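Everything on this sheet refers to the single structure shown next.
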Amino acid sequence: MQTSALTRRPGMDWLLLLSVLALSVLGCLLVWSATSARSDLTGGDPRAFLEKQIVNVALGLALLILVLATDHRWVRIVAPLVYLASIGGLVLVLTMGTVINGSRSWLMLGGLSIQPSEFAKLAVVIGMALVVAERAEGRWRPRVGSVDVIAMLAIAAVPTALILMQPDLGTMLVLAATVFGVLAAAGAPRRWLAVVAVSAVLAAGTAIRAGVLKQYQVDRFLAFTNPDLDPRGAGYNVEQARIAVGNGGWFGNGLLHGSQTRSGFVPEQHTDFVFTVAGEELGLVGSALIIALLGVVLWRALTIAVRTDDVFGRVAAAGIACWFGFQAFQNIGMCLGIMPVTGVPLPFVSYGGSSMFAGMLAVGLLLNISRRAAVAPAARMQPAKRVLVRA
């Protein structure tokens, strides 16, 4: 019997992998350009951050391969352990973490700095996907009810509360958008989606009134609404970012030749504001290439979510797409002045080990789902055959 093309298992999603690799290579070059002239950061070695980022990418690819080679059944088995480990890391941050840029978000282990909140994004996605899968599988007609939604929200509530206590506003916003996307992908009733959206807005207002957010975070939101309110304070980052991006024109000033970048006018340009390096040195064309590559990553993630029959894989892939999509939009938006400054990295481009490792683990999971999920749309469309029993 010949196997129909519709029932074959999909292979490696090379387009997804190549897009991630291209973003990582561009990220290494942009990090190098943003730091090579900053002796205060590099200690006199212009290639220090380039070499560190290359190591981050290499370790991230090793993690990607590890997840890709793991049987999908083991991925589901270790999902609770990943979730518990992320909770443990967030608790450790609050008890013995290091304060950087106003947030207690980092654990210093020797010379290595780890940001557990980055891994919490992936942990929440797979935790919520596991809840949906365990409750849906075995049902004659899988659907998400109120009990399922409450269980999923409980999974997300613990890390969200711990991240808010740091406080890490950027990660909390990304996590909130991811949770909303996972609920929508899982098929949660619309009334629950409305409740979650309204609750998020109310929670943000309560956090501001209760003093949970630091004053500089509130000032950033005010500066977003009016950048001229404090151009040398809260509005400085946005103003300098706009100048850097505007300097690039169509084709940019060339790698390592951006005046704003070489002068160090844009703060945190190798991490949160790395897109401004692309805008100034690669111009509109180079910036559009980065956005296009990110768009390909989102397209492939959503395609994997649509094609897989596995409930866990479908919800997890959609959640990862929401995570990458909102975080990229938030990062690029704050560089262009259309989103408030919250301090989130650009996936696979910004400097940093934790963000790179979490992102590569997520891509490894996407590739794992793509390779192992059987796609049989023709079989799903055919009605079940009735078995006639003669008396």
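Every position in the sequence shown, counted from 1, becomes a number in the numbering used here once 708 is added. Every residue, glycine too, gets a C-beta built ideally from N, C-alpha and C. Source: prediction; values computed, not measured.
Through-space distance from residue j to residue i, alpha-carbon basis
i	j	result
L992	T984	11 Å
R849	G835	Its pLDDT being 47, under 50, R849 is placed unreliably by the model, and nothing is read from it.
L725	W1007	12 Å
F1032	A862	22 Å
V786	T868	21 Å
N955	L877	30 Å
N945	Q977	10 Å
K760	V906	42 Å
M720	I1028	18 Å
A896	I871	25 Å
G960	V926	34 Å
H780	R950	45 Å
T914	A908	10 Å
For residue i, three-class secondary structure by DSSP
i	result
T806	strand
R812	strand
L1073	helix
I822	strand
L1054	coil
L861	helix
L817	strand
S744	coil
V852	coil
L990	coil
T1016	coil
T984	helix
Q1035	helix
Q968	helix
M1068	helix
G735	helix
E842	helix
F973	coil
F959	coil
T979	coil
V904	helix
M873	coil
Cβ neighbour criterion (16 or more within 10 Å) applied to residue i
i	result
F1034	buried
G957	exposed
P1048	buried
R928	buried
Proximity winner among the options, relative to residue i (alpha-carbon distances)
i	options	result
V1071	G1045, R898, M804, A1026	A1026
G796	V807, I808, R781, I822	I822
Q948	G960, L964, A1000, E988	E988
V982	L1001, I1040, S967	I1040
V833	V839, A1024, T778, G751	A1024
L963	E826, S744, S732	S744
R1080	P1053, V857, A986, R1022	R1022
F757	V909, V882, Y1059	Y1059
G1003	R1015, A952, P1055, T1016	P1055
I858	W900, L1075, I1077	W900
S1062	G943, P824, V974	P824
V1014	A894, A912, F1065, A996	A894
L792	A828, S995, S971	A828
V1052	G752, E826, D856, G751	E826
9 Å Cβ cutoff, residue i in contact with chain D
i	result
S811	Note that chain D does not occur in the displayed structure, where there is just one protein chain.
Where the alpha helix (DSSP H) through residue i begins and ends
i	result
I762	756-777
M880	877-894
Y1059	From DSSP, Y1059 is part of no alpha helix (DSSP H); its letter is neither H nor E.
N955	944-955
Cβ-heavy atom distance, residue i to the ligand HEM, below 8 Å
i	result
A859	Of the ligands one can find in the structure shown there are none, so the ligand HEM has no counterpart to examine.
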